[in-house]
Amino acid sequence: MTALRSVLTASLGCLVLVGGAAAQDVEKSYDFRNFDKIKIAGVYDLKVSVGPDYSVMLEGPAEAMERVETKISGRVLVLDQRDRRWGDKKRKSRNVTAYVTAPSLRGLHMSGVVDGEVEGLDEDAFEVSISGVGEMSLTGACRRLDAEVSGVGELDARGLICEDVRVVVSGVGEASVYARESVDAVVSGMGDIRVYGSPKKVRKSGGMFADISIQ
């Protein structure tokens, strides 16, 4: 299929259409700077890397990209969608993928149907919250991690080497974390927490259906 590429300039970024008559992929870049947290809701794939400069680029089918809402609120990059269609998760081709780079990232808050990864973290403190049916993986290092998972969310932070960790899981969520010094693990409902790193101080709390393991 012959590719058609056109570039449209706008105040918020650059829009590129790629594809043929049957379908079009859209890329849009935003000149957003000075953010160190991300708040994302809707149906997205999210890929974040810590790097020397800022960049924000979204890519997806034209129909899905029309529903994208993106802005900076304080120091928070907000990625949202109008008319959220939760069923889009079953059709991966409809998802919007967000590619984000920033020199520092101190927080990530996800809701809806979001799959993602954050690479290269190196922070004194990092906080993450996941609700809905999202899945997120984190790699890098931090002194303190504060994590909350609810619904059927899943957090894989085994690759984020931290000194102290507080992790709370509710519903049937799952979390895997790495703590060297201390961990405070709380499960309500039928959640599951796996703690790696053999921390020296362990505090855990959970009901009869909770599963908390220290490795």
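For the sequence shown, the positions run -23 to -1, 1 to 192 when mature numbering (1 follows the signal peptide of the UniProt record, and there is no 0) is used. Heads up, the beta-carbon is just placed ideally off N, CA and C, and yes, glycines get one too.
Same chain, Cβ closer than 6 Å to residue i, neighbours up to 5 away in sequence not counted
i      : result
TYR21  : VAL73, ALA75, VAL91
VAL105 : LEU85, ALA124
LEU115 : VAL95, ALA134, LEU137
ILE15  : LEU54, LEU85
GLU151 : GLU131, ASP169
Between the CA atoms of residue j and residue i - distance to the nearest angstrom
i      : j      : result
ALA18  : LEU56  : 6 Å
MET34  : ALA41  : 14 Å
GLY136 : SER88  : 22 Å
ASP141 : GLN58  : 35 Å
SER6   : VAL25  : 15 Å
LEU98  : ASP8   : 22 Å
SER153 : ARG171 : 5 Å
SER108 : GLN1   : 31 Å
ILE189 : ARG143 : 13 Å
Status (buried if at least 16 other CB within 10 Å, exposed otherwise) for residue i
i      : result
MET113 : buried
SER50  : exposed
GLU46  : exposed
Beta-bridge partners of residue i, as assigned by DSSP
i           : result
SER124      : A small fix is needed here, since residue 124 is Ala in this sequence, not Ser. Beta-bridge pairing links ALA124 to VAL105, VAL144.
MET113      : GLY93, LEU132
GLY166      : GLY148
ARG171      : SER153, SER190
PRO80       : PRO80 pairs with nothing; no bridge assigned.
residue 215 : The chain is shown from -23 up to 192; residue 215 falls before or after that span and cannot be answered.
GLU158      : Answer by DSSP bridge pairing: none, since GLU158 is not bridged.
Cβ-based neighbour list, residue i, same chain, cut-off 7 Å, excluding 5 preceding and 5 following
i      : result
LYS48  : VAL55
GLU158 : GLU140, ASP141, PRO176, LYS177, LYS178
For residue i, the three-state DSSP class (helix, strand or coil)
i      : result
GLU43  : coil
ALA187 : coil
LYS177 : coil
ASP8   : coil
GLY28  : coil
ASP13  : coil
ASP60  : coil
GLY51  : coil
Own chain partners of residue i with C-beta closer than 8 Å, once the 5 adjacent residues on each side are dropped
i      : result
ASP30  : THR78, PRO80
PHE186 : GLY166, MET167
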